[in-house]
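J.: In this note's numbering, the protein residues as written are 437 to 724.
The beta carbon of each residue, even a glycine, is placed where N, CA and C say it ideally should be.
Treat the numbers as computed from the prediction; the structure is a model and nothing was measured.
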Amino acid sequence: MRPDEESENRDMAEVSEVRTPVRTDVPRERRLGGEAAATVVWPALGLVVTITGWWLVTSVFHLVHPAVLPPPQEVLTAFDARSAELLGGLGATTLETVIGFLLSSVAGIAIGIALAGSRAIERMFSPLLVAVNAVPKIALGPLLVVSLGWGQRPILTMVFLLSFFPIVLSTATGLTTTPADLAELARSLDASRWQTFRKIRLPAALPQIFVGLKVAMPLAAIGAVIGEFQAGEGGLGYQIVQYSGVADSATAWAAIILVGMMSIVLYSALVLVERLALPWVPATTSAR
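Pasting the structure below:
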């Protein structure tokens, strides 16, 4: 080979080595229009489609009686007429949901840690936890009213009973499924049990714990509404019962929609907390 040809081949090899690699890990949402489309445009489009279908079913084809599902324009009119009352109920229900969720989170994580840390405790109390979770919570409503009276205490208890079990289960599962290589690394470094828990087991379990928290958040909203059905003196659940009792289904549906919107906001806030607390998770997991 001639010296000039050898030099040319060497230059081509160097160019091929420094060529910018093609990224294959770009999230699908960015390929389809960016983060704005994923977080704003698509949910807004889903809302428009849902409201349009609701309007067609109730106002155009009349497939559902207005007493069961009023048209969206009637619900909007009812909300405008009683917006102050409904927003006041939204504040009360939101407060009960958040407080009950926080209580269930603290207790659920603590119970999950206890179950994961001791096989004897797990064998003793796991069947009892399953039995408590299987009891229809609405059947406990009258008993809670009798024992705790009216007001927030039975409502918060209902929120706790509905939402704590997924947190317990996810915490125990996350702490008992630590990757084998990480557990072996802790043993090779002679780490104590507390160091292994704090440095390896708990960080590895956090994604699973947040799964349980995200499952429990909507359940907490359901528990608040059910509690207000039974023992409420205000809140959206109380308003749903009151307005349904006087055949004002439009206002009742306005309250129901506010419950759904509240759940979406609280769930989105929890997802944001997860992204801030676990920044390494997106980088270590595959995108859809």
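Thinking C-beta only, is V511 closer than 7 Å to A690?
T.: Yes, Cβ-Cβ distance for A690 and V511 is below 7 Å.
J.: I'd like to check one pair, L655 with L708: are the Cβ atoms closer than 7 Å?
T.: No. Outside cutoff.
J.: If you draw a straight line from the C-alpha of E664 to the C-alpha of E532, how long is it?
T.: Roughly 10 Å separates the two Cα atoms.
J.: Going along the chain, which residues of its own chain have a beta-carbon closer than 7 Å to the beta-carbon of V493, five neighbours each way excluded?
T.: Hits under 7 Å: L499 and V500.
J.: Where do the ends of the alpha helix (DSSP H) carrying G659 lie?
T.: Segment L638 to A667, the alpha helix (DSSP H) holding G659.
J.: State the DSSP-derived secondary structure class of D617, mapped to helix, strand or coil.
T.: Three-state DSSP puts D617 in a helix.
J.: Distance, Cα to Cα, A705 vs S699?
T.: Going from the Cα of A705 to the Cα of S699 covers about 10 Å.
J.: Runs of 4 residues minimum, wholly inside the region 539-610: which ones carry the alpha helix (DSSP H) assignment?
T.: For the region 539-610, whole alpha helix (DSSP H) runs of length 4 or above, ordered along the chain, are 555-570 and 573-584.
J.: Give me the residue from W630, Y674, A622 and P602 with the minimum Cα distance to M653.
T.: When each option's Cα is compared against that of M653, the closest is P602.
J.: If we call anything under 7 Å between Cβ atoms a contact, is A514 one with T720?
T.: No, the pair does not count as a contact, with Cβ atoms beyond the cut-off.
J.: What residue does the alpha helix (DSSP H) around S673 start on, and which one ends it?
T.: Just to set this straight, residue 673 is Gly in the shown sequence, not Ser. Run containing G673: G671 to G681, per the alpha helix (DSSP H) assignment.
J.: With DSSP run on the structure shown, which of helix, strand or coil describes F497?
T.: Coil.
J.: On the criterion of 16 or more Cβ atoms from any shown chain inside 10 Å, does P507 qualify as buried, or is it exposed?
T.: That one is buried.
J.: Put P502 into one of helix, strand or coil per three-state DSSP.
T.: Residue state, collapsed to three classes: coil.
J.: Does the region 619-629 come close enough to the region 669-688 that 3 or more CB-CB pairs lie under 8 Å?
T.: The region 669-688 vs the region 619-629: no contact.
J.: Using 7 Å as the threshold, is the C-beta distance between A660 and T529 below it?
T.: For A660 and T529, yes; Cβs fall inside 7 Å.
J.: Would DSSP call S704 helix, strand or coil?
T.: Residue state, collapsed to three classes: helix.
J.: Between which two residues does the alpha helix (DSSP H) containing T721 stretch?
T.: Counting along the chain, T721 falls outside any alpha helix (DSSP H), and DSSP gives it neither H nor E.
J.: R711 by DSSP, collapsed to three states: which one?
T.: In the structure shown, R711 sits in a helix (DSSP, three-state: H, G or I).
J.: Drop a sphere of 10 angstroms on the beta-carbon of F600, count the other beta-carbons inside from all chains shown, and report buried for 16 or more, exposed for fewer.
T.: Looking at its Cβ environment, which holds 16 or more other Cβ atoms inside 10 Å, F600 is buried.
J.: Which residue's Cα is closest to the Cα of V717: Y674, G668, G673 and P643?
T.: Comparing Cα-Cα distances from V717 to each of Y674, G668, G673 and P643, the minimum goes to P643.
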